[in-house]
């Protein structure tokens, strides 16, 4: 079974995906990390994330070992990843990798922005995990502070809203809820509650 989890930044889809993968015994792929890795490769090479040629080169020559880099979660890479993800040639270069991963037996859990709509629209279980921009900004603000990084809530909120607009407004594979996806709003839910709701959806899909 393929489990596709989509949603905006900070909604909790990554935490959910890891928990589900561990419970189901499936491998997990954070598809957003592929774009972060591409962005990091561009930055390390001294390139511009807005440069389509530089971004495509980085995507096509991507070394998956970079996925383990702690730099992947920096604010700079996060902003750059949204830019490279809006470049059609980058998305095309990374699409085959994602699809091959998804179809490995016995199954897989993938999370991102367009997993259920573009990467694997044939996924048996689709979830759209979301939360209000204010809640997501507060989570990110707290995460940055706990890591010892300087953070201003208003700036984090502005960044979240700008990223949402880019992700939903890009011409190629915009972020949206698949017609057959089940939406889970995590604004007022604990990770445990989100997991239970998601697992119920997956179990129902497995018996349908």
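Numbering (the numbering used here), first residue to last: 174 to 381. We put the beta carbon where it would ideally sit given N, CA and C, even for glycine.
Straight-line Cα distance separating residue 285 from residue 276
In a straight line, the C-alpha of residue 276 is about 16 Å away from that of residue 285.
Can you tell me the Cα-Cα spacing of residue 319 and residue 310, whole angstroms?
So the two alpha carbons sit approximately 14 Å from each other.
Opening and closing residue of the beta strand (DSSP E) in which residue 211 lies:
If you look at residue 211, you'll find it isn't in any beta strand (DSSP E); it sits in the alpha helix (DSSP H) that goes 204 to 217.
Between residue 178 and residue 288, which are expected to be in contact by the criterion C-beta below 8 Å, what is the C-beta distance as a whole number of angstroms?
Residue 178 to residue 288, Cβ: 7 Å. Contact.
What does residue 263 pair with, by DSSP beta-bridge criteria?
Residue pairing for residue 263: DSSP places it in no beta bridge.
For residue 178: DSSP bridge partner residues
BP columns for residue 178 point to 284 and 300.
Does the beta-carbon distance from residue 349 to residue 341 come in below 8 Å?
Closer than 8 Å, so yes.
Please state if the CB of residue 265 and the CB of residue 339 are separated by a distance shorter than 8 Å.
For residue 339 and residue 265, no; Cβs fall outside 8 Å.
Locate the alpha helix (DSSP H) running through residue 319, then write down its first and last residues.
Annotation: the continuous alpha helix (DSSP H) that includes residue 319 extends over 306 to 319.
Using three-state DSSP, classify residue 357 as helix, strand or coil.
Note: residue 357 maps to strand in three-state DSSP.
Can you check which of these residues, 175, 239 and 233, is closest to residue 262 by C-alpha distance?
That would be 233, whose Cα lies nearest to the Cα of residue 262.
Expressed to the nearest angstrom, what Euclidean distance is found between the alpha-carbon atoms of residue 325 and residue 247?
Distance between the alpha carbons of residue 325 and residue 247: 15 Å.
Quick check: residue 298 and residue 176, are their CB atoms within less than 8 Å of each other?
Yes, Cβ-Cβ distance for residue 298 and residue 176 is below 8 Å.
Starting from the Cα of residue 273, find the closest Cα among 293, 228 and 191 and give me that residue.
When only C-alpha atoms are compared, the closest one is 293.
Residue of 255, 316 and 230 minimising C-alpha distance to residue 335
Minimum Cα-Cα distance from residue 335 among the listed residues 255, 316 and 230 corresponds to 255.
Mapping the DSSP letters down to three states, classify residue 276 as helix, strand or coil.
In the three-state reduction of the DSSP assignment, residue 276 falls in the coil class, being assigned neither a helical nor a strand state.
Answer yes or no: do residue 211 and residue 228 have a C-beta to C-beta separation smaller than 8 Å?
Yes. Within cutoff.
From the beta carbon of residue 368, is the nearest beta carbon of chain D less than 8 Å away?
Among the chains of the structure shown, chain D does not appear; only one protein chain is present.
Where DSSP assigns a beta bridge to residue 201, which residues make up the other side?
Looking at the DSSP assignment, residue 201 forms a beta bridge with 282.
Express the C-alpha separation of residue 271 and residue 204 in angstroms, rounding to a whole number.
Rounded to whole angstroms, residue 204 to residue 271 spans 7 Å at the Cα level.
I'd like the list of long-range same chain contacts for residue 333, defined as Cβ closer than 6 Å, with 5 residues on each side in sequence excluded.
Sequence-distant partners of residue 333 (beyond 5 residues in either direction) whose C-beta falls short of 6 Å from its own C-beta, in its chain, are 306, 309 and 310.
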